[in-house]
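Q: Okay, so the sequence shown: first residue is 363 according to the working numbering, each after it adds one.
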Amino acid sequence: MNALQTIMIILSAIALFLHGLKSFSKEVQDIGSDFFKSWTAKITRNRFSGFLLGGLLTTIIQSSSAVSSITVALVDAGVITFANSLAMLLGANVGTTTTAWLVSLKVGQIAPVFIVLGTLISIIPTRIKTAGKSIFYFGFILFSLELINQALTPLKNDPKIIEILAIVDSHLLGIFIGIILTIIVQSSSVTTGLCIILSQQGVLSIDAAIAIIIGSNIGSTSTAIIASLNMTPSAKLAAKANFIFNCIGVVLFFPFINLFVDLTHELTEEVGYQIAFSHLIFNILISVLMLPFIKQFGNWLQKKTRI
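1) Tell me the DSSP secondary structure of Glu508 in three-state form.
2) Straight-line CA distance for Glu631 to Ser596?
3) Put Ser549 into one of helix, strand or coil per three-state DSSP.
4) Since Lys602 is in the alpha helix (DSSP H), which residue starts that stretch and which ends it?
5) I think Thr585 touches Gln548, with their Cβ atoms under 8 Å apart; what is that distance to the nearest whole Å?
6) Return the residue from the list Gly412, Thr481 and Ala439 that minimises the CA-CA distance to Ser447.
7) Three-state secondary structure (DSSP) at Lys657?
8) Pairs of beta-carbons, one from the region 552-571 and one from the region 633-651, closer than 8 Å: are there three or more?
9) Note down the Cα distance separating Gln658 from Ala449, rounded to an integer number of angstroms.
10) Leaving out five residues on either side along the sequence, give the residues of the same chain with a beta carbon under 6 Å from the beta carbon of Gly352.
11) Okay, do the region 459-469 and the region 436-444 touch, 3+ Cβ pairs below 8 Å being the bar?
12) Just reading off the alpha helix (DSSP H) that Arg409 is part of, what are its end residues?
13) Nearest-angstrom Cα distance between Ser567 and Ile497?
14) Note the first and the last residue of the continuous alpha helix (DSSP H) segment covering Ile472.
15) Could you tell me how far apart the beta carbons of Ala603 and Leu663 are, in whole angstroms, since I believe they sit closer than 8 Å?
16) Say whether the region 503-512 touches the region 531-541, bearing in mind that this needs 3 or more beta-carbon pairs closer than 8 Å, one atom from each stretch.
17) What span of residues does the alpha helix (DSSP H) with Leu651 cover, start to end?
18) If you check the beta carbons only, do Ser582 and Ser427 fall under 9 Å apart?
19) Taking Lys665 as the reference, which of Leu415, Leu599 and Leu621 has the closest Cα?
20) Note down, in chain order, each residue of its chain lying with its Cβ closer than 7 Å to the Cβ of Leu479, except the 5 sequence neighbours on either side.
21) Let me check understanding here. Comparing Cα to Cα, which of Ala493, Phe505 and Thr460 lies closest to Asn645?
22) Check whether the Cβ atoms of Gly494 and Leu504 sit closer than 9 Å, and answer yes or no.
23) Flag Thr406 as yes if its beta-carbon sits less than 9 Å from any beta-carbon of chain D, otherwise no.
24) When DSSP labels each residue in this structure, what does Gln367 get in the three-state scheme?
25) Comparing alpha-carbon positions, which option in Gly577, Gly660 and Val441 lies nearest Ile619?
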């Protein structure tokens, strides 16, 4: 297989993964549309329950970009206030770490079970068929991850690829690549999945993978920013706050990347788990630091923008 064929297979596998994420997100949102309208406003009145809601939704939908966009849209529609949206956005950052665990646990092998089960449920002539579609697309996501894993396997023996990726050992460059790549593909899940798979294959160092994934946190905010362009000032401010949250997190975390790598080495020897732990610890620490002061942060941001 030549280089062009390998690249096309990799891009095709990534495209399938993106399609699966978007379709799965849409199906889950359709199931829960009434829930959003009825309960989100009440739940987000408390910062802690709002935080948990953001994390839970992202875990279910498997896309912090989608949840951030939904949150901004809810602010635009007046369902939730700007202040109450902030905890939900923080929670979405923690919820997105589940993608790293899905890849690390190599659950792609059970993807056919979800695909077959979802297909069977979706042909049942009742309302449950909608849930069947969600199950199908969840299996589709896992299956796509397995395809990406197989497509990237030849790279670990390619000296040119190894030489190129060795440059990413610079943490700053890694963060920058994570930002740009996530903006391009509009999914931090893709960036996370690629980094863990490449690290498990020995192509990408753990330090570089962590830096790229941390950068993807900033890149993932672009979806909500784009979505808010034609929305109300409060919705735009919510998208801006999401961007600021993640920038603050990266700035605070950056000096301690090596420390985090050493810490995760103590927790486990499995490369994928090390990266997943780093991603989870990073987002939890940022949330713990910011959640108690989220009201003050919201007030400060509103004064700055005079909303």
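Ideal Cβ positions, reconstructed from N, Cα and C, are used throughout, including at glycine.
A: On the basis of the coordinates in this document:
1) Correct three-state label for Glu508: helix.
2) Cα to Cα, the separation comes out at about 45 Å.
3) Secondary structure of Ser549 (DSSP, three-state): coil.
4) Per DSSP, the continuous alpha helix (DSSP H) segment holding Lys602 begins and ends at Pro595 to Phe615.
5) Contact holds; Cβ gap of about 6 Å.
6) In terms of Cα proximity to Ser447, the closest of Gly412, Thr481 and Ala439 is Gly412.
7) Here Lys657 carries a helix assignment [DSSP, helix/strand/coil].
8) Judged by Cβ distances under 8 Å, the region 552-571 makes contact with the region 633-651, as three or more pairs qualify.
9) Going from the Cα of Gln658 to the Cα of Ala449 covers about 12 Å.
10) This structure gives no information on residue 352, because the portion of the chain shown stretches from 363 to 669.
11) The region 459-469, when compared against the region 436-444, does not touch it at the 8 Å Cβ threshold.
12) Here the alpha helix (DSSP H) through Arg409 covers Arg409 to Ile423.
13) Spanning the alpha carbons of Ser567 and Ile497 requires a straight line of approximately 34 Å.
14) Unbroken run through Ile472: none, as it is neither H nor E.
15) So it is a contact: roughly 6 Å between Cβ atoms.
16) Cβ pair count under 8 Å is below three, so no.
17) Leu651: member of the alpha helix (DSSP H) spanning Val633 to Met652, first to last residue.
18) Contact: yes.
19) Looking at the Cα atoms, Leu599 is the closest of the given residues.
20) For Leu479, where only same-chain residues beyond five positions count, the Cβ hits under 7 Å are Ile497.
21) When only C-alpha atoms are compared, the closest one is Thr460.
22) Using a Cβ distance threshold of 9 Å, Gly494 and Leu504 do not count as a contacting pair.
23) The question asks about chain D, but that chain is absent: this structure has only one protein chain.
24) It is helical.
25) That would be Gly577, whose Cα lies nearest to the Cα of Ile619.
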